[in-house]
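Student: In terms of my numbering, the sequence shown opens at residue 5 and continues consecutively.
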Amino acid sequence: MPARLKVILAVGFLVIGLGIGAIIALTILRGEGVSLLAEDRGGFGTPLIGGAFALIDQTGTPRTDADYRGRFMLIYFGYTFCPDVCPTSLQVMGQALDQLSAEEQAAIQPILITVDPARDTVAVLKDYVPHFHERLVGLTGSEAQVAAAAKAYRVFYRKSSLTQGQADYLVDHSSIVYLMDRNGAYRTHFTHEATPEAMAAALRKAIAEAKP
Ligand code: NI
């Protein structure tokens, strides 16, 4: 084989090899991205979800994340004017809690953080949260406080373009229920398709594995 052809072949194989390598690397990285979200343990790979928040609850009391240390926080971001997804998610949270023992329930603090602080005042939240669970806490605050909390939890929200300029506007938002551990660290999450049974089982497991 002429030397020149050898070089061409060698370069060709090198390029193909690099291409395959890149595809494999990308596939692994992608898989890693997915597993980062699905990962529900501490340590390496824990997604950077959660953090400090300073808001005000439905009784008018200022609240920070530190107030709930020692309990698991079951957190949902939504808004009271939401026609369907939010009430459904909150109902699932309430029903999941009802399946737990009193002792297990006491280990969990269910929390709704509004993504619509302009309409979700303290008074509005006070009327709303007891419909879903007697222990559900509703948190609101200034636009900036809510934005900071949502950013910490990687929650997206914005006024819907479908109802632009209307008083009865809708808010597009992520619909994920987060379970944070007794130290406020991310433990796992549920999509709005989770059943109360599945959520209750996951809560029970988390509590059993992290006795105080
Ligand atoms: Ni909603």
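We treat Cβ as the ideally placed atom computed from N, Cα and C, and that holds for glycine. Keep in mind the model is a prediction, meaning the values are calculated, not measured.
What are the boundary residues of the beta strand (DSSP E) that includes P66?
Tutor: Note, P66: beta strand (DSSP E), P66 to T68.
Student: Out of V128, A100 and D69, which has the shortest C-alpha to C-alpha gap to Y190?
Tutor: Cα-wise, what sits closest to Y190 is D69.
Student: Apart from the five residues on each side of it in sequence, which residues of its chain come closer than 6 Å, Cβ to Cβ, to I117?
Tutor: Taken in chain order, the residues that qualify are F81, L143 and A153.
Student: Taking the C-alpha atoms as reference points, what is the distance between Q88 and L94?
Tutor: The sequence shown places Asp at residue 88, rather than the Gln named in the question. When rounded, the distance between both Cα atoms is 10 Å.
Student: Taking DSSP as the reference, what is the three-state secondary structure of H135?
Tutor: Reduced to three states, the DSSP call for H135 is helix.
Student: So which of A214, K215, E213 and T199 has the shortest CA-CA distance to L101?
Tutor: Among A214, K215, E213 and T199, the Cα nearest to that of L101 is on T199.
Student: Specify the secondary structure class of R186 as computed by DSSP and reduced to three states.
Tutor: Coil.
Student: Taking Cβ positions, are L207 and I112 nearer each other than 8 Å?
Tutor: Contact: yes.
Student: When burial is assigned at 16 or more other CB atoms within 10 Å of the CB, is K215 buried or exposed?
Tutor: Label assigned to K215: exposed.
Student: I need the straight-line Cα distance from Q103 to Q170, nearest angstrom please.
Tutor: Using only the alpha carbons, I get a separation of about 40 Å.
Student: Answer with buried or exposed for G145, where buried requires no fewer than 16 other C-beta atoms within 10 angstroms of its C-beta.
Tutor: Looking at its Cβ environment, which holds 16 or more other Cβ atoms inside 10 Å, G145 is buried.
Student: State the Cα-Cα distance for the pair D185 and F76, rounded to the nearest angstrom.
Tutor: Cα to Cα, the separation comes out at about 5 Å.
Student: The beta strand (DSSP E) spanning K215 covers which residue range?
Tutor: Where K215 is concerned, there is no enclosing beta strand (DSSP E), given that its DSSP letter is neither H nor E.
Student: Our contact map puts I79 next to Y157 with C-beta atoms below 8 Å; I'd like the distance itself, whole angstroms only.
Tutor: I79 to Y157, Cβ: 7 Å. Contact.
Student: Compute the Euclidean distance between the alpha carbons of Q99 and S165, then round it to the nearest angstrom.
Tutor: Q99 and S165: Cα-Cα distance of roughly 33 Å.
Student: When burial is assigned at 16 or more other CB atoms within 10 Å of the CB, is T63 buried or exposed?
Tutor: Per the 10 Å Cβ criterion, exposed.
Student: V141 to Q168, Cα distance in whole Å?
Tutor: Cα-Cα distance, rounded: 29 Å.
Student: Ordered along the chain, which non-local residues of its own chain (more than five positions away) have a Cβ less than 6 Å from that of A205?
Tutor: Answer for A205: no residue qualifies.
Student: Measuring alpha carbon to alpha carbon, tell me which residue in F136, T125 and G188 is nearest T92.
Tutor: Here the closest residue by C-alpha is F136.
Student: If contacts are defined as beta-carbon pairs under 8 Å, then H177 and V119 qualify, I think. What distance do you get, rounded to the angstrom?
Tutor: Contact flag correct, Cβ pair sits at about 5 Å.
Student: Please state the DSSP three-state secondary structure of R208.
Tutor: Residue state, collapsed to three classes: helix.
Student: Could you check the C-alpha separation between K155 and P121 for me, to the nearest Å?
Tutor: C-alpha separation (whole angstroms): 15 Å.
Student: Distance check for I60 and V159, CA to CA, integer angstroms please.
Tutor: Roughly 19 Å between the two C-alpha positions.
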